[in-house]
Structures are given as C-alpha cells and as structure tokens.
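In the working numbering, the protein residues as written are 1 to 238.
This is the structure:
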C-alpha cells in the first residue's frame with residue numbers, strides 16, 4: 001500500500017491475469033495490486049484529509065494498465081450517477097485518472113469515469129484557462145481513446161474497473177518507465193473534490209503536484225491505426 005506521503009510508488013507487473021471489466025473487484029489479481037489511499041481534500045479547503053475514503057488499486061499487464069476504484073460513501077443512496085453521454089459526466093460523481101506519461105508535469109492523458117462506468121477522456125494541459133472553477137489548467141475533450149470501464153453502486157459507495165491499453169497512450173520508447181500520476185474524486189452533493197497527492201490551490205500548477213507510477217517495463221504498445229474518412233464531390237455544368 002502507498003499513501004499521499006509517498007508520492008512515487010512502484011506498480012506490480014502481473015502476467016497471464018484474467019478478469020472481466022464488470023465493476024466487480026472480486027478477481028484474485030486485485031489482491032496483488034498496489035493500493036493507494038490517504039486522499040486529501042482539494043476543494044473547498046485544501047490541505048485537509050478527505051471526508052470520504054477513496055482507494056485506488058493499480059497493476060499492469062504487458063499490454064495494458066488496470067485501475068480499480070473503491071469510493072467509500074456514508075450515504076450511497078445520494079450518489080449522483082446517470083447514463084450520461086460520453087464526456088458529459090461533470091454533473092455526476094466521478095473519478096479522474098491523470099497519466100503524465102512523459103513525466104514533464106505539463107500534459108497528461110485524462111480518463112474520467114462516473115459510478116456507472118460512463119467515460120470522459122481527453123488531454124489535460126497546464127496553462128491558461130480552466131477545466132472548471134476547481135482545477136487549474138485546461139482539458140481538451142475532443143480526443144476519444146480506446147479503453148474499457150465499468151462501474152456499479154454498492155452498499156458502501158461505488159466501485160469502478162478500468163483497463164487502458166498501452167496502444168492508446170504515447171510514452172517514451174525503450175527502457176523502464178516512470179509516469180506522473182494523480183487521481184481526483186468529485187462528490188457532487190457536497191461540492192468536495194479530493195486528490196491522491198496533497199494538491200494546494202495556491203500553486204498555479206495542478207500537474208506539478210502529481211505523484212508518480214514507477215517500475216513500468218517491457219510495455220507492448222502494438223499497432224495503432226487512425227482512420228479519417230472523408231468525402232469529396234465535384235459538379236460540372238452551368
């Protein structure tokens with residue numbers, strides 16, 4: 001296990017693990033994952049321990065990284081979750097995973113999921129503009145990556161399973177990898193936003209206060225194909 005006092009953690013590589021992305025963290029492989037706890041409140045008052053407990057489980061296979069979220073909630077019936085459109089979960093409770101694969105604290109792949117597994121994804125960049133009134137920076141939601149997520153509400157809160165194939169990411173080639181990382185939890189009914197690392201609002205850089213996932217090696221990226229269909233037309237005559 002690792003907490004916010006230890007911002008760099010080593011992720012376990014697990015080969016030949018079989019699981020179904022169904023929002024149930026009941027497969028044996030999850031007991032072998034690295035467990036991140038000790039979230040901090042970011043909004044409305046930073047520097048305080050989070051009101052609700054959040055656990056992030058992480059491990060990786062040769063071709064993908066996996067995250068399991070256990071979001072404890074003392075009032076599960078008040079969790080806000082809808083079958084929303086993609087990239088439209090801002091009104092729901094949700095979790096955001098930021099992966100700064102080049103570890104430059106300037107840009108990160110951003111993966112958001114609501115308690116039912118609805119996805120929101122894009123690229124978060126430091127600079128002018130804001131993703132919301134809460135988090136500095138800007139997020140371009142136009143990119144749609146290929147990844148899997150499923151969530152469900154339970155009697156203790158909600159759980160989410162996430163699989164992100166390495167072919168959906170860009171990262172330095174060759175050698176062991178260390179990626180910048182943070183997880184953000186938004187609880188809509190209370191207005192609280194929590195982060196894994198102790199992010200302070202007085203600091204203009206959100207990604208600059210990230211933690212890191214280390215020990216990533218022998219990643220199989222595979223072949224990525226992008227198709228951009230287009231139509232042309234001509235007209236002759238008067």
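Don't be surprised by glycine CBs; every beta carbon is placed ideally from N, CA and C. Please read these numbers as outputs of a predicted model, since none were measured by experiment.
Non-local C-beta neighbours of residue 64 in its own chain, meaning closer than 7 Å and more than five positions away in sequence, comprise 163, 164, 165, 166, ordered along the chain. For residue 99, the uninterrupted beta strand (DSSP E) segment begins and ends at 94-100. In the DSSP assignment, residue 153 falls within the unbroken beta strand (DSSP E) covering 148-154. Within the DSSP bridge table, the entry for residue 195 names 40, 184 as partners. Counting every other CB atom within 10 Å of its CB across the protein chains shown gives residue 172 a total below 16, marking it as exposed. Look at the beta carbons and you see the region 58-75 not touching the region 41-49: under three pairs across the two are nearer than 8 Å.
For a cut-off of 8 Å, the C-beta gap from residue 208 to residue 107 is around 12 Å, too long to register as a contact. Pairing residue 113 with residue 34, the inter-Cα distance amounts to about 20 Å. The C-alpha of residue 229 lies about 20 Å from the C-alpha of residue 168. By alpha-carbon distance to residue 142, the top candidate from 25, 155, 124, 151 is 124.
Nearest in C-alpha terms to residue 210, of all of 101, 20, 73, 78, is 101. About 6 Å separates the beta carbons of residue 182 and residue 195, which is inside the 8 Å limit, making them a contact pair. Rounded to the nearest angstrom, the gap between the Cα atoms of residue 83 and residue 49 is 31 Å.
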